[in-house]
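J.: Okay, handing you the structure first.
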Amino acid sequence: GPYWSSSEDSISLTPHFKEGMLPTYTPSQKLNKKVINTINPEDIAGSVCKLLDLEFEYPFESLYIGDCYKEALVEHVPNCTINVQGFSGQTLYERMDLNHDEECLDKQLSVDCGCNFSIITEKPINVRILKKHKKKIKTLFYRMDKGHSIKFVKDLLKTGIKYILTTRESQSFVDSIKLDYMDYGIVHIYEPLDPSEIDSLKNEDLESLYFSSNKFIISDQKFYPNTSYIKKGISVPSIDTTMVYPIEDVQSFLWDTDYVRIVKKKS
């Protein structure tokens, strides 16, 4: 805690320590997850305002903060072509898993917005397109299901493009294919958020909760704060990380929680 100041001039906030977490000692400390990032944003804002003798009212209480919530991310569904201004040096994620349109992907990768691209796909993509834009492609995430293609992975390896193999299937599925893919990488299992394993969520009715998002998806020139909103056809006016939205389609939402903060209204 503060050493050279009085108790009236400072407020010490305690992070939410979980099993395996270690204290953060320096700003440059490299950890998978710094515990300082588990402090609720409203607690930080409230403490700052208190020290400055300012009024602060926030009607929500944070229940869960995704591992990537501190980062900003923009994803794009290839059903339109966009030119993201001010995106130089960043990475735009192409969601081929939400709309597999190779012609539109080719056009989008040709747009010179000064950014790199990462691609998420559940189906093989024409390798000619990938080779054409190889210098712009940072990573390709191949989400495998029972219709997986080892030929596509072999072709990917030959291109030299970095790829990651993922799946939403069970461990038994991975066990059944791991020998086929042993020369091509580990298949990472991606699971949805399980509220029953989180103390702050296990007794909550998720349909009555809200969320803010640091990730937005652009589809048909419209903005969506979560894939669940795309599936429900609910767009939002703009990319606004300060907004709070009601949780829609809980099952879809739980697959997309890395960049969200789940909150509830204070009683």
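Here our numbering is used: the first residue of the sequence shown is -17, the next is one more, and so on. Glycine included, each C-beta is placed from N, C-alpha and C at the ideal position.
1. Using the three-state DSSP reduction, which class does Tyr211 fall into: helix, strand or coil?
2. From the DSSP output, in three-state form, read off Lys128 for me.
3. Report yes or no: do the region 159 to 170 and the region 194 to 214 share at least 3 C-beta pairs separated by less than 8 Å?
4. DSSP puts Gln98 in a beta bridge; with which residues?
5. Just to confirm before moving on: does the CB-CB distance between Ile18 and Pro(-3) stay below 9 Å?
6. Among residues of its own chain, excluding the 5 on either side of Lys128, which ones have a beta-carbon nearer than 8 Å to its beta-carbon?
7. For Leu254 and His130, I'd like the C-alpha separation in whole angstroms.
8. Identify the residues that DSSP records as bridge partners of Phe123: which are they?
9. Between the Cα of Asp35 and the Cα atoms of Thr63, Ser70, Asp(-9), which residue gives the shortest distance?
10. For Lys204, name the three-state secondary structure that DSSP assigns.
11. With a threshold of 8 Å on Cβ separation, who are the neighbours of Ile146 within its own chain once the five nearest residues in sequence on each side are excluded?
12. On a Cα-Cα basis, can you pick out the residue from Ile229, Gln90, His82 that is closest to Thr73?
13. If we count Cβ pairs, one from each stretch, closer than 8 Å, do we get three or more for the region 96 to 108 versus the region 59 to 77?
14. Please confirm whether Ile229 and Ser249 have their CB atoms less than 9 Å apart.
15. Give the secondary structure of Ser182 by DSSP, where H, G and I count as helix, E and B as strand, and everything else as coil.
16. Which of the three DSSP states, helix, strand or coil, is assigned to Ile18?
17. Assuming Tyr241 contacts Gly48 under a Cβ cut-off of 8 Å, what Cβ separation, rounded to an integer in Å, is found between them?
18. Per DSSP, what kind of secondary structure is Ser92 in: helix, strand or coil?
19. Which residues does DSSP list as the beta-bridge partners of Ile47?
T.: This is what the structure gives:
1. helix
2. coil
3. no
4. The sequence as given places Asn at residue 98; Gln does not occur at that position. Partner(s): Thr73.
5. Yes, the Cβ-Cβ distance between Ile18 and Pro(-3) is below 9 Å.
6. Glu151, Phe155
7. With the chain covering -17 to 249 only, the question about residue 254 has no answer from this structure.
8. Ile102, Ile146
9. Asp(-9)
10. strand
11. Thr121, Leu122, Phe123, Tyr124, Gly167, His170
12. Gln90
13. yes
14. no
15. coil
16. helix
17. Indeed they touch by this definition, with Cβ atoms about 5 Å apart.
18. Secondary structure of Ser92 (DSSP, three-state): helix.
19. Arg243
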